[in-house]
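Using the numbering used here, read the sequence shown as starting at 555 and increasing by one per residue. Where a beta carbon is used, it is the ideal one built from N, C-alpha and C, also for glycine.
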Amino acid sequence: MASSSWVVGDNLTPSVHGSSVCALPGGELATIWYGGQREGAPDVAIYLSRRSAGPDGVWSPAEKLLDPSDVESDTGRNVRKLGNAVLFPDPEGRLWLVYVSVSVGGWSGSLINVKRSDDGGRTWTESQRLTLSPFLNFSTLVRAKPFFTADGWIGLPVYHEFVAKYPQILWLEPGTDETVNRFHLRRLPVVADLLQPAVVPLDEQRALMLLRDSGNARTLHVAHSTDAGWSWTKPTPTNIPNPDSGIDAIRLHDGRIVLAYNDAREDRRRLRLAVSRDEGRTWATGPVLEEADEGEFSYPSLVQDSRGVIHVTYTWQRLRIKHVQLHADHLAPTSGRIASHP
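(1) So, with DSSP's three-state summary, where would you put Pro728?
(2) Which of the three DSSP states is assigned to Ala599 in this structure?
(3) Just the C-alpha distance for Asp564 and Ile600, rounded to the nearest angstrom, thanks.
(4) Give the secondary structure of Asn565 by DSSP, where H, G and I count as helix, E and B as strand, and everything else as coil.
(5) How about Leu765 and Leu774: do their beta carbons lie closer than 9 Å?
(6) Please name the residue in Glu848, Gly608, Thr629 and Val561 whose C-alpha comes closest to that of His881.
(7) Give the secondary structure of Ser852 by DSSP, where H, G and I count as helix, E and B as strand, and everything else as coil.
(8) Just reading off the alpha helix (DSSP H) that Thr897 is part of, what are its end residues?
(9) Can you give me the C-alpha to C-alpha distance between Pro896 and Thr792, rounded to a whole angstrom?
(10) Can you tell me which of the three DSSP states Ser662 falls into?
(11) Can you give me the C-alpha to C-alpha distance between Val753 and Thr733, rounded to a whole angstrom?
(12) Are Leu916 and Leu649 touching if we call contact CB-CB under 9 Å?
(13) What would DSSP say about Ala803, mapped onto helix, strand or coil?
(14) Using DSSP's beta-bridge definition, name the partner residues of Ser671.
(15) Please say whether Arg824 and Val842 have beta carbons closer to each other than 9 Å?
(16) Would you give the residue range spanned by the beta strand (DSSP E) that Trp587 belongs to?
(17) Taking the beta strand (DSSP E) that Lys876 belongs to, which residues open and close that run?
(18) Tell me which residues share the same chain as Gln871 and place their Cβ nearer than 7 Å to its Cβ, disregarding the 5 neighbours each side in the sequence.
(19) With a 10 Å radius around its C-beta and 16 neighbouring C-beta atoms as the bar for buried, classify Asp802 as buried or exposed.
(20) Express the C-alpha separation of Ala616 and Tyr588 in angstroms, rounding to a whole number.
(21) For Arg697 and Pro751, I'd like the C-alpha separation in whole angstroms.
(22) Out of Thr869, Phe692, Ser603 and Ser569, which has the shortest C-alpha to C-alpha gap to Gly674?
(23) Assuming contact is defined by CB atoms lying nearer than 9 Å, are Gly594 and Gly663 in contact in what I supplied?
(24) Could you say which of Glu758, Glu820, Leu583 and Met763 lies nearest to Val532 if we only look at CA atoms?
(25) Compute the Euclidean distance between the alpha carbons of Lys699 and Val640, then round it to the nearest angstrom.
(26) Exposed or buried, what is Gln722 when buried is set at 16 or more other beta-carbons lying within 10 Å of its beta-carbon?
(27) Where does the unbroken beta strand (DSSP E) through Trp837 begin, and where does it stop?
(28) Please return the same chain residues whose Cβ sits closer than 6 Å to the Cβ of Gly572, not counting the five positions on each side in sequence.
(29) Please report how far the alpha carbon of Ser681 lies from the alpha carbon of Glu715, in whole angstroms.
(30) For a test of your reading of the model: does the CB of Arg819 fall under 8 Å from any non-hydrogen atom of the ligand SAH? Yes or no.
(31) Looking only at its chain, what residues have a beta carbon closer than 6 Å to the beta carbon of Gly729, apart from the 5 residues adjacent to it on each side?
(32) Ala777 lies in the beta strand (DSSP E); which residues open and close that run?
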């Protein structure tokens, strides 16, 4: 059976959004999110909470990781606001924080910054601001967790928002003296109005990508890679609804893929899971995590721990970050089937 708890309640900041959850060695979970007066406000900071190991784990009080003044101090650049962030451990056990900052304009002016911890998040490197273009070094944003190649590269799904919206992969090579040694961007075949890609590795070479639709189709799109994520097919539409809202997907220990998404075309009032047993070709609708007549339940983040438990964190009415856990053995489909390709 599923159970739930609050990662953060309604007494920290007036607004919270954009959580990212990961499993740590030893059985702990860690979640980050941003919070402040509202999305994009100058007081927005990035916070972290840990959940102790075990089925009855408890979330720790929120810890502020950084605010705009911290980023300014690290990078020597003016920072107006902070936004989406992703937290993940790499195969070497190091913990990474990748987040966006904005110096001028809106989210289309976002810059990518990286921090790393070699002691489980107790101490962190200074923020490393990545110069992804020698000309217009802005408008790259992050949302979903990365994947890893056998030769040590980190493939981070990112997206571009200035003028046109499209997905990219940011390749990061971990360094020693610096957080990142080398990095470069690779763009997918052009399909307008797709963003926030979520990548699910299928084996060492094949991977599935699911994409948010910010256009008029209001359905998820999919793309595939057969060379460990270095190149991708042109994204194609599915009939899985998407109301221009964030998604997440993971491959379970038993090979099934779980998708967390807003099951609607026009609003974010229903958040649910779907399950695929055939690597994303077809999907069975799973349990509804949250549903109401009004409001928003959005931006899910997924992870499966070593005990087989699936954990989901998500934005609850922009007021709280909620955590739901359920065992993979209990992830039975409810009703209906949706096909990846109509």
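Quick look at the numbers:
(1) Translated into positions along the sequence shown, residue 728 becomes position 174. Note: Pro728 maps to strand in three-state DSSP.
(2) Numbered from 1 along the sequence shown, position 45 holds the residue referred to as residue 599. Strand, per DSSP.
(3) Here the question's residue 564 lines up with position 10 in the sequence shown. Here the question's residue 600 lines up with position 46 in the sequence shown. In this model, Asp564 and Ile600 are separated by some 16 Å (Cα to Cα).
(4) One-based indexing of the sequence shown puts residue 565 at position 11. Here Asn565 sits in coil by DSSP.
(5) Numbered from 1 along the sequence shown, position 211 holds the residue referred to as residue 765. Numbered from 1 along the sequence shown, position 220 holds the residue referred to as residue 774. In contact: Leu765 and Leu774 (Cβ atoms closer than 9 Å).
(6) Walking along the sequence shown from the start, residue 881 turns up at place 327. Residue nearest to His881 within the set Glu848, Gly608, Thr629 and Val561 is Gly608 (criterion: CA-CA distance).
(7) Walking along the sequence shown from the start, residue 852 turns up at place 298. Residue state, collapsed to three classes: strand.
(8) Given a span of 555 to 896 for the chain in the structure shown, any question on residue 897 remains unanswerable.
(9) Taking the first residue of the sequence shown as position 1, residue 896 is located at position 342. Taking the first residue of the sequence shown as position 1, residue 792 is located at position 238. Residue confidence for Pro896 is low, a pLDDT of 44 falling below 50, so the modelled location carries little weight; the figure read from the coordinates is stated next. Cα to Cα, Pro896 sits roughly 6 Å from Thr792.
(10) Locating residue 662 in the sequence shown gives position 108, counting from the first residue. Reduced to three states, the DSSP call for Ser662 is helix.
(11) Sequence index remark: in the sequence shown, residue 753 carries index 199 (1-based). Sequence index remark: in the sequence shown, residue 733 carries index 179 (1-based). Their Cα atoms are separated by approximately 23 Å.
(12) Any answer about residue 916 is impossible in this case: the structure gives the chain only from 555 up to 896.
(13) Taking the first residue of the sequence shown as 1, we reach residue 803 at position 249. Reduced to three states, the DSSP call for Ala803 is strand.
(14) Reading the sequence shown from its first residue, position 117 is the one you call residue 671. Leu649, per the DSSP bridge assignment.
(15) By 1-based counting over the sequence shown, the position of residue 842 is 288. By 1-based counting over the sequence shown, the position of residue 824 is 270. Taking 9 Å as the Cβ cut-off, Val842 and Arg824 qualify as a contacting pair.
(16) On the sequence shown, residue 587 is found 33 positions in, with the first residue counted as 1. Per DSSP, Trp587 is one residue of the beta strand (DSSP E) stretching across Leu583 to Gly590.
(17) Numbered from its first residue, the sequence shown carries residue 876 at position 322. Counting along the chain, the beta strand (DSSP E) containing Lys876 begins and ends at Arg874 to His881.
(18) As a working note, residue 871 is residue 317 in the sequence shown. Contacts found: Gly849 and Glu850.
(19) Along the sequence shown, one-based indexing puts residue 802 at 248. Asp802 is buried by the Cβ-count criterion.
(20) Locating residue 588 in the sequence shown gives position 34, counting from the first residue. Locating residue 616 in the sequence shown gives position 62, counting from the first residue. Computed Cα separation, rounded: 11 Å.
(21) Along the sequence shown, one-based indexing puts residue 697 at 143. Along the sequence shown, one-based indexing puts residue 751 at 197. Approximately 8 Å, taken between the alpha carbons.
(22) Looking up residue 674 in the sequence shown gives position 120. The shortest C-alpha separation from Gly674 is found at Ser603.
(23) Here the question's residue 594 lines up with position 40 in the sequence shown. Here the question's residue 663 lines up with position 109 in the sequence shown. Cβ atoms of Gly594 and Gly663: not closer than 9 Å.
(24) Look at the range of the chain in this structure, 555 to 896, and you will see that residue 532 is not part of it.
(25) Residue numbering aside, residue 699 sits at position 145 when the sequence shown is read from its first letter. Residue numbering aside, residue 640 sits at position 86 when the sequence shown is read from its first letter. If I take the Cα positions, the gap works out to 6 Å.
(26) Walking along the sequence shown from the start, residue 722 turns up at place 168. Label assigned to Gln722: buried.
(27) Residue mapping note: residue 837 aligns to position 283 of the sequence shown, counting from 1. Trp837 -> beta strand (DSSP E) spans Thr836 to Glu845.
(28) Position 18 of the sequence shown, counted from the first residue, corresponds to residue 572. Counting only residues of its own chain and dropping the five nearest sequence neighbours on each side, Gly572 has a CB closer than 6 Å to the CB of Trp587, Tyr588, Asn638 and Tyr853.
(29) As a first step, residue 681 is located in the sequence shown; it is residue number 127 there, counting from the start. As a first step, residue 715 is located in the sequence shown; it is residue number 161 there, counting from the start. Taking the straight line joining both Cα atoms gives about 23 Å.
(30) In the structure on display, the ligand SAH does not appear, and there are no ligands present to speak of.
(31) Along the sequence shown, one-based indexing puts residue 729 at 175. Around Gly729: Asn735.
(32) Numbered from 1 along the sequence shown, position 223 holds the residue referred to as residue 777. Thr773 to Ser779 is the extent of the beta strand (DSSP E) around Ala777.
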